[in-house]
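Participant: Attaching a single structure in structure tokens format; questions to follow.
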Amino acid sequence: MASIFTKIINEEIPCYKVAENEDFIAFLDINPNAKGHTLCVPKKEVDKIFDLEEDTYHRLMKFARKIGIALEKTIPCNRVGITVIGLEVPHVHVHLIPINEMRDMTFSHKISMTPEEFLDLVKEIQKNL
């Protein structure tokens, strides 16, 4: 069965897309730890990050770096944290989270945003890509 991320990639489920290329997609997390929390996902469905082919792993990190730099330009924060957990969705994904304090990375601290706020944020991040 296809993961929720594969359904997003196949446009069966909508998302707040930040960027996309032939192999990867970046979109805002709809249950964010902080404003700008973005997921970078390979289009090929692979469960675990270290099961990616080495070249794909490196290209995913390069893609995530580009998105992370744009986030730093868009969201006032001390830094952009990066984590790979992957327990909830069995499809490799990199979390990029603008952080100001450690609790922003705990996944127990969440914020709420309206659809309009998500759309406005996508536009702002895209300006900085």
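Throughout the sequence shown, residue numbering follows my numbering, covering 3 to 131 in sequence. Every residue gets a Cβ at the ideal spot worked out from N, C-alpha and C, and that includes glycine.
Our contact map puts L62 next to L54 with C-beta atoms below 8 Å; I'd like the distance itself, whole angstroms only.
Facilitator: Here residue 62 refers to the residue found at position 60 when the sequence shown is read from its first residue. Here residue 54 refers to the residue found at position 52 when the sequence shown is read from its first residue. Their Cβ separation, rounded to whole angstroms, is 7 Å, which keeps L62 and L54 in contact under 8 Å.
Participant: State the CB to CB distance for the pair H39 and H97, rounded to an integer number of angstroms; the pair is presumed to be in contact (CB under 8 Å).
Facilitator: Translated into positions along the sequence shown, residue 39 becomes position 37. Translated into positions along the sequence shown, residue 97 becomes position 95. So it is a contact: roughly 7 Å between Cβ atoms.
Participant: If you compare alpha carbons, which of G83, H93 and V20 is closest to P100?
Facilitator: The count along the sequence shown starts at 1 and reaches residue 100 at position 98. Per the Cα distances, G83.
Participant: Among all the DSSP beta bridges, which residues are the ones paired with T8?
Facilitator: Here the question's residue 8 lines up with position 6 in the sequence shown. Paired residues: none, contrary to the question.
Participant: Within the continuous alpha helix (DSSP H) that includes E22, where are the two ends?
Facilitator: As a position in the sequence shown, residue 22 is number 20, starting the count at 1. Note, E22: premise wrong, no alpha helix (DSSP H); beta strand (DSSP E) at K19 to E22.
Participant: Report all residues from its chain with a CB closer than 6 Å to the CB of K19; omit the five preceding and five following residues, and keep chain order.
Facilitator: Here the question's residue 19 lines up with position 17 in the sequence shown. Excluding residues within five positions, the ones whose Cβ falls inside 6 Å are F29.
Participant: By Cβ distance, which residues of its chain are closer than 7 Å to R81, with the 5 residues on each side in sequence left out?
Facilitator: Start at 1 with the first residue of the sequence shown, and residue 81 comes out as number 79. If we look at R81 and ignore the five residues flanking it on each side, its Cβ neighbours are I101.
Participant: If C151 and I69 are in contact, beta carbons under 8 Å, what's the gap, nearest whole angstrom?
Facilitator: The requested residue 151 does not occur in the structure, where the chain is confined to residues 3 to 131.
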